[in-house]
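Peer 1: Note that the protein sequences, when read in sequence, are chains A and S. Everything in the first sequence is counted per this note's numbering, starting at 41 for the first residue and increasing by one. Everything in the second sequence is counted per this note's numbering, starting at 41 for the first residue and increasing by one. Cβ coordinates follow ideal geometry from the N, Cα and C atoms, glycine included.
2 protein chains.
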Amino acid sequence: MSASTRSPEQPLAGVRIVEISSFVAAPLAGMTLSQLGADVIRVDPIGGAADYHRWPLTDDGTSIYWASFNRGKRSVTADLRSAAGQEMITRLICESGPEGGILLTNTAGRAWLDHDTLARLRPDLIRLEVLGRSDGSAAVDYTVNAATGFPLVTGPPGHAEPVNHVLPAWDLLCGIYAALSITAAIRHRDATGEGSRITLPLEDVALATAGNLGLLTEAALYGDRRPRLGNGLYGQYGQNFTASDGGEFMVVTLTARHFRDLAAVTGTGAALAALAPALGADFSDEGTRYRHRELLTGLFAPWFREHTTEQVSTALAATSVLWERYRTFHDLVHDARVTRNPLFTLLRQPGVGTHPTPGTPMSVNGRRVPPRPAPELGEHTAVVLREELRQRTPLPE
Amino acid sequence: MSASTRSPEQPLAGVRIVEISSFVAAPLAGMTLSQLGADVIRVDPIGGAADYHRWPLTDDGTSIYWASFNRGKRSVTADLRSAAGQEMITRLICESGPEGGILLTNTAGRAWLDHDTLARLRPDLIRLEVLGRSDGSAAVDYTVNAATGFPLVTGPPGHAEPVNHVLPAWDLLCGIYAALSITAAIRHRDATGEGSRITLPLEDVALATAGNLGLLTEAALYGDRRPRLGNGLYGQYGQNFTASDGGEFMVVTLTARHFRDLAAVTGTGAALAALAPALGADFSDEGTRYRHRELLTGLFAPWFREHTTEQVSTALAATSVLWERYRTFHDLVHDARVTRNPLFTLLRQPGVGTHPTPGTPMSVNGRRVPPRPAPELGEHTAVVLREELRQRTPLPE
Numbered sequence: 041m042s043a044s045t046r047s048p049e050q051p052l053a054g055v056r057i058v059e060i061s062s063f064v065a066a067p068l069a070g071m072t073l074s075q076l077g078a079d080v081i082r083v084d085p086i087g088g089a090a091d092y093h094r095w096p097l098t099d100d101g102t103s104i105y106w107a108s109f110n111r112g113k114r115s116v117t118a119d120l121r122s123a124a125g126q127e128m129i130t131r132l133i134c135e136s137g138p139e140g141g142i143l144l145t146n147t148a149g150r151a152w153l154d155h156d157t158l159a160r161l162r163p164d165l166i167r168l169e170v171l172g173r174s175d176g177s178a179a180v181d182y183t184v185n186a187a188t189g190f191p192l193v194t195g196p197p198g199h200a201e202p203v204n205h206v207l208p209a210w211d212l213l214c215g216i217y218a219a220l221s222i223t224a225a226i227r228h229r230d231a232t233g234e235g236s237r238i239t240l241p242l243e244d245v246a247l248a249t250a251g252n253l254g255l256l257t258e259a260a261l262y263g264d265r266r267p268r269l270g271n272g273l274y275g276q277y278g279q280n281f282t283a284s285d286g287g288e289f290m291v292v293t294l295t296a297r298h299f300r301d302l303a304a305v306t307g308t309g310a311a312l313a314a315l316a317p318a319l320g321a322d323f324s325d326e327g328t329r330y331r332h333r334e335l336l337t338g339l340f341a342p343w344f345r346e347h348t349t350e351q352v353s354t355a356l357a358a359t360s361v362l363w364e365r366y367r368t369f370h371d372l373v374h375d376a377r378v379t380r381n382p383l384f385t386l387l388r389q390p391g392v393g394t395h396p397t398p399g400t401p402m403s404v405n406g407r408r409v410p411p412r413p414a415p416e417l418g419e420h421t422a423v424v425l426r427e428e429l430r431q432r433t434p435l436p437e
Numbered sequence: 041m042s043a044s045t046r047s048p049e050q051p052l053a054g055v056r057i058v059e060i061s062s063f064v065a066a067p068l069a070g071m072t073l074s075q076l077g078a079d080v081i082r083v084d085p086i087g088g089a090a091d092y093h094r095w096p097l098t099d100d101g102t103s104i105y106w107a108s109f110n111r112g113k114r115s116v117t118a119d120l121r122s123a124a125g126q127e128m129i130t131r132l133i134c135e136s137g138p139e140g141g142i143l144l145t146n147t148a149g150r151a152w153l154d155h156d157t158l159a160r161l162r163p164d165l166i167r168l169e170v171l172g173r174s175d176g177s178a179a180v181d182y183t184v185n186a187a188t189g190f191p192l193v194t195g196p197p198g199h200a201e202p203v204n205h206v207l208p209a210w211d212l213l214c215g216i217y218a219a220l221s222i223t224a225a226i227r228h229r230d231a232t233g234e235g236s237r238i239t240l241p242l243e244d245v246a247l248a249t250a251g252n253l254g255l256l257t258e259a260a261l262y263g264d265r266r267p268r269l270g271n272g273l274y275g276q277y278g279q280n281f282t283a284s285d286g287g288e289f290m291v292v293t294l295t296a297r298h299f300r301d302l303a304a305v306t307g308t309g310a311a312l313a314a315l316a317p318a319l320g321a322d323f324s325d326e327g328t329r330y331r332h333r334e335l336l337t338g339l340f341a342p343w344f345r346e347h348t349t350e351q352v353s354t355a356l357a358a359t360s361v362l363w364e365r366y367r368t369f370h371d372l373v374h375d376a377r378v379t380r381n382p383l384f385t386l387l388r389q390p391g392v393g394t395h396p397t398p399g400t401p402m403s404v405n406g407r408r409v410p411p412r413p414a415p416e417l418g419e420h421t422a423v424v425l426r427e428e429l430r431q432r433t434p435l436p437e
């Protein structure tokens, strides 16, 4: 790469990555690496992979999902079942200059894409494979999630069934872990010339996270003592409230100051001062606020339901209390958080239309990487194969 | 650093990072960078930061949370309000060899830690600050989440209130994005000698993700047309089912083969074959399966409730169907997924006890980085300050 294209917000400029993937984790990893400056070429079978028609769809049947997670990539399609197609893609991975030789995939079980096969042609290969489970068996976000414990403590208290979160959190975390692992492996290769064979099981991302949050330790020591708290916080005071006109608020107090401010704005300071000695409760302690959460919610709720959404918003904004209105996706897309946020750019995506599209959540030296549209499926097949492969020598037999 | 400590699974060996942080996102970033080999020194005020007593707690009051998110770090405490303390930590950040000069923080508003202040002493400074919102205002996972749209489509259909997910997904994603941003910035500095001033707002992580998932695009084009689906999947067929003895299962079909297998195992193939022409439905299409989800659930549910958990598990295991049992945290910590998973090591954590502790979810060349215990608060103050600062020249005035 030329030094001129390298910038602090695009530290992977010059890097070439081939992505053979579908669904969420690996495509998000590829998109993220592309946002960091890498040239990411997504390779799909002719007609598209299993996620090419994934919902949400436009009324015309274009996958909004696909257009979203493939932004900024180039798209090559090939007959991946034919020897010629496999040789072509093998070359694309392996004969791609000193900053190439990187494969991101979640398509297990294809011998021609195995690490050892490719590393024979490209000894400094970096290959990351997203697995379902570490034993190679299939798993997806929704099934992994069922085993993690979260659905049994999510949702309304007293609800009989598990409650899955709708956010595909494990896929998303796995995708960013994959981008991190590849970036770290690139640094290692820069310094040593060594490649890396990386495997990243979706299930292990979830299990490591449950462990990192201390939930498995707590369960190992004390069993299942964490209750289903609805929208309350474990070990802190936080709760949702409804205003007189139906506006819904999430309110959180993490510090004694937050809590004093919430008492003051709701006019409950005197009642709390009277209650504290009667209950032997020190409300400056987070655990005490947690233990008395139902009482506190009962004390604060009338103020919310006797004020409008606007009155509540104005009053809370003048305090240190952490709070937010609940918004639908449609509310959000028309809110200043999106419309006036430099994170978003109005981008025209062929087949989908013009809509606010996020760039990178991080900014570097005050600059963000703006979003680029997704390719059409196969859009770059001819260009990539001609430019990249024409001049190359035959593969060794 | 010596080449001998550098390995593909610890590509950041030799890198020195100072972390001044609290709560989840920044501490997770620091722990993750430590797992990648960096020497991460967490600096806290004497007595600990605001998260030092964060729940979950042991019965003795030790924070399981704190012990978990600070694993593998060194701990230095100092009086951060005194000029002497500030000078000491400034030196620790800036006078730390060619692979030092990296600050990870979420503590805004301290002039002595500003990028420009530190960059005068360390021109190649890499400084990442996790913000609440991009305007610098405070926000936490729970309040950010309220604005994203997810709580209004999470939880049982017909439920009146928002349903927060319990997993602090935005904090977690933000932490891994932060680790990625710092790793990418290190690579850029290796190549160019340039530092980076990085800001990463928690709210922008959530907004970018809602955008990346296509949810904001769908809402911009069509309004709020995504219903609250309970444990169902949008645009696919997936549902939870209960066995005769109360075992709960999550079942997902992403492909026509998965769906045929689910029909076969539940003995509903003939009924589906009869229904398809009567309804004009092609069940090999994922959108068709989604539209007819209530019907399909009604068709499959009797088989589940007429078989035991063991019978259901055995039968599903012989198919391509994606499935998992719901488990509590306590079930999980005693399950083979944890007890026989090389991700976990039995680790003794002073003040907490011995318990299965996760390492990195990724493995490199077949090797994982095993977990290391968290320090005691301030454990390394004397060692770090003596070893690191004794030989240094005075700071410029």
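On the three-pair Cβ rule with 8 Å, is the stretch 180-199 of chain S touching the stretch 151-166 of chain S?
Peer 2: Verdict: no, contact absent.
Peer 1: In angstroms, rounded to a whole number, what distance separates the CA positions of S:Ala-53 and A:Ala-186?
Peer 2: As a working mapping, residue 53 of chain S is identified with position 13 in the second sequence. As a working mapping, residue 186 of chain A is identified with position 146 in the first sequence. Whole-angstrom Cα-Cα distance: 36 Å.
Peer 1: Bridge partners for A:Gly-84 per DSSP, in chain order?
Peer 2: By one-based count along the first sequence, residue 84 of chain A stands at place 44. The question names Gly, yet the displayed sequence has Asp at residue 84 of chain A. According to DSSP, A:Asp-84 bridges with A:Thr-117.
Peer 1: Hey, S:Asp-164 and S:Gly-233 are a contact pair by Cβ (cut 8 Å); roughly how many whole angstroms apart?
Peer 2: Here the question's residue 164 of chain S lines up with position 124 in the second sequence. Here the question's residue 233 of chain S lines up with position 193 in the second sequence. Yes, S:Asp-164 and S:Gly-233 are in contact; Cβ-Cβ is about 6 Å, under 8 Å.
Peer 1: Following a CB-centred definition, is A:Pro-197 positioned closer than 8 Å to any heavy atom of the ligand COA?
Peer 2: Among the components modelled here there is no ligand, and therefore nothing to report on the ligand COA.
Peer 1: Give every residue of the same chain whose Cβ lies closer than 6 Å to the Cβ of S:Leu-161, excluding the five residues on either side of it in the sequence, and list them in chain order.
Peer 2: In the second sequence, the residue the question calls residue 161 of chain S occupies position 121. Around S:Leu-161: Cys-134.
Peer 1: In angstroms with no decimal places, state the Cα-to-Cα distance between A:Gly-215 and A:Leu-68.
Peer 2: Taking the first sequence and counting its residues from 1, the one referred to as residue 215 of chain A is at position 175. Taking the first sequence and counting its residues from 1, the one referred to as residue 68 of chain A is at position 28. Near 5 Å, if we compare the C-alpha coordinates of A:Leu-68 and A:Gly-215.
Peer 1: Output needed in chain order: residues of the stretch 319-339 of chain A with a Cβ under 9 Å from some Cβ in chain S.
Peer 2: The stretch 319-339 of chain A vs chain S, Cβ under 9 Å: Asp-325, Glu-326, Gly-327 and Tyr-330.
Peer 1: Answer yes or no: do S:Gln-75 and S:Val-404 have a C-beta to C-beta separation smaller than 9 Å?
Peer 2: Mapped onto the second sequence, residue 75 of chain S falls at position 35. Mapped onto the second sequence, residue 404 of chain S falls at position 364. Their beta carbons are not under 9 Å apart, which means S:Gln-75 does not touch S:Val-404 by this criterion.
Peer 1: With DSSP collapsed to three states, give me the class of A:Tyr-443.
Peer 2: Past the boundaries of the shown model lies residue 443 of chain A; chain A is included only from 41 to 437, so the question cannot be answered.
Peer 1: Please work out which residues of its chain come closer than 8 Å, Cβ to Cβ, to A:Val-292, disregarding the five sequence neighbours upstream and downstream, and give them in chain order.
Peer 2: Working through the first sequence from its first residue, we reach residue 292 of chain A at position 252. Same-chain partners within the cutoff: Leu-273, Gln-276, Tyr-277, Gly-278, His-298, Val-361, Leu-362 and Trp-363.
Peer 1: Kindly indicate which residue of S:Gly-189, S:Thr-239 and S:Leu-207 has the alpha-carbon position closest to the one of S:Asp-175.
Peer 2: Counted from its first residue, the second sequence places residue 175 of chain S at position 135. Here the closest residue by C-alpha is S:Thr-239.
Peer 1: Jot down the residue ranges of each uninterrupted alpha helix (DSSP H) in the stretch 357-394 of chain S, minimum 4 residues, whole runs only, in chain order.
Peer 2: The qualifying runs are 369-373 and 376-379.
Peer 1: So S:Arg-173 and S:Glu-243 are supposed to be a Cβ contact under 8 Å. How far apart are they, rounded?
Peer 2: Translated into the one-based positions of the second sequence, residue 173 of chain S becomes position 133. Translated into the one-based positions of the second sequence, residue 243 of chain S becomes position 203. Indeed, because the Cβ distance is near 5 Å, the residues count as touching under 8 Å.
Peer 1: What in chain A is Cβ-close to S:Lys-191, meaning under 7 Å?
Peer 2: Mapped onto the second sequence, residue 191 of chain S falls at position 151. First, the amino acid is wrong: residue 191 of chain S is Pro here, not Lys. Ordered by position in chain A, the residues that pass the 7 Å Cβ test against S:Pro-191 are Tyr-366.
Peer 1: Can you check DSSP and say which residues form a bridge with A:Asn-280?
Peer 2: The count along the first sequence starts at 1 and reaches residue 280 of chain A at position 240. Looking at the DSSP assignment, A:Asn-280 forms a beta bridge with A:Met-290.
Peer 1: Less than 9 Å between CB atoms is the rule here; does A:Leu-417 satisfy it with respect to chain S?
Peer 2: On the first sequence, residue 417 of chain A is found 377 positions in, with the first residue counted as 1. No, its Cβ sits nowhere closer than 9 Å to a Cβ of chain S.
Peer 1: Helix, strand or coil for S:Arg-131 per DSSP?
Peer 2: Locating residue 131 of chain S in the second sequence gives position 91, where the first residue counts as 1. Here S:Arg-131 sits in helix by DSSP.
Peer 1: Apart from the five residues on each side of it in sequence, which residues of its chain come closer than 6 Å, Cβ to Cβ, to S:Ser-42?
Peer 2: Position 2 of the second sequence, counted from the first residue, corresponds to residue 42 of chain S. Residue confidence is low: S:Ser-42 scores 46 on pLDDT, short of 50, so the model does not pin down where it sits. Its coordinate-derived value is still stated next. Cβ within range, chain order: n/a, list empty.
Peer 1: Thinking A:Arg-82 and A:Lys-113 are a contact (beta carbons under 8 Å), I'd like their distance in whole angstroms, please.
Peer 2: Residue mapping note: residue 82 of chain A aligns to position 42 of the first sequence, counting from 1. Residue mapping note: residue 113 of chain A aligns to position 73 of the first sequence, counting from 1. Contact holds; Cβ gap of about 5 Å.
Peer 1: Within 10 angstroms of the Cβ of A:Glu-437, are there 16 or more other Cβ atoms? Answer buried if so, exposed if not.
Peer 2: If you number the first sequence from 1, residue 437 of chain A lands on position 397. With a pLDDT of 39 at A:Glu-437, under the threshold of 50, the modelled position of this residue cannot be trusted; read the value that follows with caution. It counts as exposed.
Peer 1: So, for A:Leu-73: in the same chain, excluding its five sequence neighbours on each side, which residues have a beta-carbon less than 7 Å away from its beta-carbon?
Peer 2: As a first step, residue 73 of chain A is located in the first sequence; it is residue number 33 there, counting from the start. Around A:Leu-73: Leu-52, Ile-57, Val-80, Ala-219 and Ile-222.
Peer 1: Would you list, in chain order, the members of the stretch 273-295 of chain S that have their beta-carbon closer than 9 Å to a beta-carbon of chain A?
Peer 2: Listed by position, the residues of the stretch 273-295 of chain S near chain A (Cβ gap below 9 Å) are Leu-273, Tyr-274, Gly-275, Gln-276, Gly-278, Asn-280, Thr-282, Glu-288, Phe-289, Met-290, Val-291, Val-292, Leu-294 and Thr-295.
Peer 1: Mapping DSSP to helix, strand and coil, what is A:Arg-56?
Peer 2: Here residue 56 of chain A refers to the residue found at position 16 of the first sequence. Reduced to three states, the DSSP call for A:Arg-56 is strand.
Peer 1: Considering only the alpha carbon of each residue, which of S:Leu-192, S:Leu-132 and S:Pro-138 lies closest to S:Leu-158?
Peer 2: Start at 1 with the first residue of the second sequence, and residue 158 of chain S comes out as number 118. Measuring from the Cα of S:Leu-158, the nearest candidate turns out to be S:Leu-132.
Peer 1: Look at S:Gly-287 and S:Thr-348 and say whether their C-beta atoms are less than 9 Å apart.
Peer 2: Indexing the second sequence from 1 puts residue 287 of chain S at position 247. Indexing the second sequence from 1 puts residue 348 of chain S at position 308. Their beta carbons are under 9 Å apart, which means S:Gly-287 touches S:Thr-348 by this criterion.
Peer 1: For S:Gln-351, would you say it is in contact with chain A, using Cβ-to-Cβ distances shorter than 9 Å as the test?
Peer 2: The residue labelled residue 351 of chain S in the question sits at position 311 within the second sequence. Not one chain A Cβ lies under 9 Å of S:Gln-351.
Peer 1: How many Å lie between A:Thr-45 and A:Gly-393 at the Cα?
Peer 2: As a first step, residue 45 of chain A must be located in the first sequence, where it is residue number 5. As a first step, residue 393 of chain A must be located in the first sequence, where it is residue number 353. One C-alpha to the other measures close to 30 Å.
Peer 1: Taking the beta carbon of A:Thr-188 as the centre, do at least 16 other beta carbons fall within 10 Å, making it buried, or is it exposed?
Peer 2: Working through the first sequence from its first residue, we reach residue 188 of chain A at position 148. Buried, by the Cβ-count rule.
Peer 1: Here's the rule I'm using: 16 or more other beta-carbon atoms within 10 Å means buried, otherwise exposed. How should A:Arg-227 be labelled?
Peer 2: Locating residue 227 of chain A in the first sequence gives position 187, counting from the first residue. With 16 or more other Cβ atoms within 10 Å, it is buried.
Peer 1: Starting from the C-beta of S:Pro-401, find all residues in its chain whose C-beta is less than 7 Å away, skip the five residues before and the five after it, and write them out in chain order.
Peer 2: The count along the second sequence starts at 1 and reaches residue 401 of chain S at position 361. Once the five neighbours on either side are set aside, the close Cβ partners of S:Pro-401 are Leu-383.
Peer 1: Could one say the Cβ of S:Asp-79 lies closer than 9 Å to chain A's Cβ atoms, at least one of them?
Peer 2: As a first step, residue 79 of chain S must be located in the second sequence, where it is residue number 39. Taking Cβ atoms only, chain A never reaches closer than 9 Å to S:Asp-79, which makes this a no.
Peer 1: Closer than 8 Å, Cβ to any Cβ of chain S: which residues of the stretch 175-201 of chain A, in chain order?
Peer 2: Cβ contacts with chain S come from Ala-178, Ala-179, Val-180, Tyr-182, Thr-183, Val-184, Asn-185, Ala-186, Ala-187, Thr-188, Gly-189, Phe-190, Pro-191, Leu-192, Val-193, Thr-194, Gly-195, Pro-196, His-199 and Glu-201.
Peer 1: If you follow the alpha helix (DSSP H) that S:Leu-302 is part of, which residue opens it and which one closes it?
Peer 2: Taking the second sequence and counting its residues from 1, one reaches residue 302 of chain S at position 262. Unbroken alpha helix (DSSP H) run through S:Leu-302: 296-305.
Peer 1: Helix, strand or coil for A:Pro-436? Go by DSSP, reduced to three states.
Peer 2: Counting from 1 along the first sequence, the entry for residue 436 of chain A is found at position 396. Note that A:Pro-436 scores 44 on pLDDT, short of 50, meaning its location in the model is unreliable; the coordinates nonetheless yield the value given after this. Here A:Pro-436 sits in coil by DSSP.
Peer 1: From A:Thr-130 to A:Ala-123, what distance separates their C-alpha atoms?
Peer 2: Sequence index remark: in the first sequence, residue 130 of chain A carries index 90 (1-based). Sequence index remark: in the first sequence, residue 123 of chain A carries index 83 (1-based). Whole-angstrom Cα-Cα distance: 10 Å.
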